[in-house]
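Contents: one structure, followed by commentary.
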Amino acid sequence: MEFTYAPPDVPLKILHRDEAILVVDKPPGLLSVPGKLEGREDCLIARIAAEIPQVLLVHRLDCDTSGVMVFALTKAAQGHLGKQFEHRQTEKTYVARLWGHLTPESGRVDLPLCADWPNRPRQMVSHEHGRPAQTDWQVIGYEGDTTRVRLHPLTGRSHQLRVHMAELGHPILGDPIYASGPARDFPRLMLHAESLTFRHPVGGERVTFRSEVGF
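Each residue of the sequence shown is one higher than the last, beginning at 9 in this note's numbering.
Encoded structure:
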């Protein structure tokens, strides 16, 4: 499944920097890391490295998703943060706009996911081959024919939030892979990483970083 990559020409937005970590606000439409195909070298970590050469990757956001990302500035910090993500010790909150009116106003999606190999990068629900995936949702409000929700992924599978919402019958607006018809006809994927909580790799204090939703 191909797409035209047109990364946004916007300045780097740093939310926090200290001796161990860098927290940035990722814009939509920018890859977190270089793509495998030619012409996809421009990405968030490359832009950061141009200013901060020692930057190290900890996690990723989908190209079309915006919001909070943390990077490490030392190998020790990278290892510390990586273990927190691996052992689900971080807390991630996303805001999304969905097609239709999602009810009830809160709940949990518990559907295992795996890659849809013939249609990569598409993911799919598979009770036979999928890995466990859970997402909690809370409705914030209804806007016309859409629903604004806050999403709390309990696992970190690829495209998890996008697949889970589509499986509920309420795809995320502007999703080029899982939405169709009028739900797809929006200028961007309306999914934003609003906050990220973790233990600071130096000292262990629990810290939270937030990014304002742009839609």
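Ideal Cβ positions, reconstructed from N, Cα and C, are used throughout, including at glycine.
Suppose you measure from the CA of residue 175 to the CA of residue 27; what does that come to, to the nearest Å? Position 167 of the sequence shown, counted from the start, is the residue given in the question as residue 175. Position 19 of the sequence shown, counted from the start, is the residue given in the question as residue 27. Cα to Cα, the separation comes out at about 42 Å.
Apart from the five residues on each side of it in sequence, which residues of its chain come closer than 7 Å, Cβ to Cβ, to residue 120? To locate residue 120, count along the sequence shown from 1; it is residue 112. Excluding positions up to five away in sequence, the list reads 133, 134, 135, 138, 139, 140 and 141.
Quick one: using the 10 Å Cβ neighbour count with 16 as the cut-off for buried, is residue 202 buried or exposed? Here the question's residue 202 lines up with position 194 in the sequence shown. Buried, because 16 or more other Cβ atoms sit within 10 Å of the Cβ of residue 202.
7 Å CB neighbourhood of residue 118 in its chain, flanking five on each side removed: For the purposes of this step, residue 118 is taken as the residue at position 110 of the sequence shown. The residues are 142.
Touch check for the stretch 102–118 and the stretch 151–165: three-plus C-beta pairs under 8 Å? yes
Taking only three categories from DSSP, how would you classify residue 119? One-based indexing of the sequence shown puts residue 119 at position 111. Residue 119 carries a coil assignment under DSSP once its states are collapsed to helix, strand and coil.
I need the boundaries of the alpha helix (DSSP H) containing residue 53, first residue and last residue. For the purposes of this step, residue 53 is taken as residue 45 along the sequence shown, with counting starting at 1. Looking at the DSSP string, the run of the alpha helix (DSSP H) that includes residue 53 is 52–59.
For the alpha helix (DSSP H) containing residue 173, list its first residue and its last residue. Within the sequence shown, residue 173 is the residue found at index 165, counting from 1. Element bounds for residue 173: 168–175.
On the premise that residue 76 lies in contact with residue 206, defined as a C-beta separation below 8 Å, what is that separation, rounded to the nearest angstrom? Position 198 of the sequence shown, counted from the first residue, corresponds to residue 206. Position 68 of the sequence shown, counted from the first residue, corresponds to residue 76. About 11 Å; that fails the 8 Å criterion.
Go ahead and label residue 33 buried or exposed: buried means 16 or more other beta carbons lie within 10 angstroms of its beta carbon, across all protein chains shown. For the purposes of this step, residue 33 is taken as residue 25 along the sequence shown, with counting starting at 1. That one is buried.
Using a Cβ-Cβ cutoff of less than 7 Å, which residues in the same chain neighbour residue 209 once the five nearest sequence positions on both sides are dropped? Translated into the one-based positions of the sequence shown, residue 209 becomes position 201. Excluding residues within five positions, the ones whose Cβ falls inside 7 Å are 28, 29, 84, 85, 88 and 89.
Continuous alpha helix (DSSP H) stretch holding residue 151: start and end: Position 143 of the sequence shown, counted from the first residue, corresponds to residue 151. Looking at the DSSP string, residue 151 is not in any alpha helix (DSSP H); the run it does join, the beta strand (DSSP E), is 142–151.
Out of curiosity, what's the CA-to-CA distance linking residue 191 and residue 96? On the sequence shown, residue 191 is found 183 positions in, with the first residue counted as 1. On the sequence shown, residue 96 is found 88 positions in, with the first residue counted as 1. Using only the alpha carbons, I get a separation of about 31 Å.
Checking 8 Å against the spacing of the C-beta atoms, do residue 116 and residue 144 come in under that value? Working through the sequence shown from its first residue, we reach residue 116 at position 108. Working through the sequence shown from its first residue, we reach residue 144 at position 136. The answer is yes: Cβ separation under 8 Å.
Span of the alpha helix (DSSP H) holding residue 94? To locate residue 94, count along the sequence shown from 1; it is residue 86. Start and end: 83–94.
Between the CA atoms of residue 163 and residue 44 - distance to the nearest angstrom: Walking along the sequence shown from the start, residue 44 turns up at place 36. Walking along the sequence shown from the start, residue 163 turns up at place 155. Going from the Cα of residue 44 to the Cα of residue 163 covers about 25 Å.
Between which two residues does the beta strand (DSSP E) holding residue 14 run? Stepping through the sequence shown from its first residue, residue 14 is reached at position 6. From DSSP, residue 14 is part of no beta strand (DSSP E); its letter is neither H nor E.
Just to confirm, are residue 65 and residue 79 a CB contact at a threshold of 8 Å? In the sequence shown, the residue the question calls residue 65 occupies position 57. In the sequence shown, the residue the question calls residue 79 occupies position 71. Yes, Cβ-Cβ distance for residue 65 and residue 79 is below 8 Å.
Under 8 Å between C-beta atoms of residue 185 and residue 130: Locating residue 185 in the sequence shown gives position 177, counting from the first residue. Locating residue 130 in the sequence shown gives position 122, counting from the first residue. Yes, the pair counts as a contact, with Cβ atoms nearer than the cut-off.
So, helix, strand or coil for residue 189, using DSSP? As a working mapping, residue 189 is identified with position 181 in the sequence shown. The answer is helix: DSSP assigns residue 189 an H, G or I state.
By Cβ distance below 7 Å, which residues in the same chain neighbour residue 42 in space, the five residues on each side in sequence not counted? Reading the sequence shown from its first residue, position 34 is the one you call residue 42. Cβ neighbours of residue 42 beyond the five flanking positions: 48, 49, 51 and 54.
State the DSSP-derived secondary structure class of residue 129, mapped to helix, strand or coil. Counting from one through the sequence shown, the residue named residue 129 turns up at place 121. DSSP places residue 129 in coil when its eight states are reduced to three.
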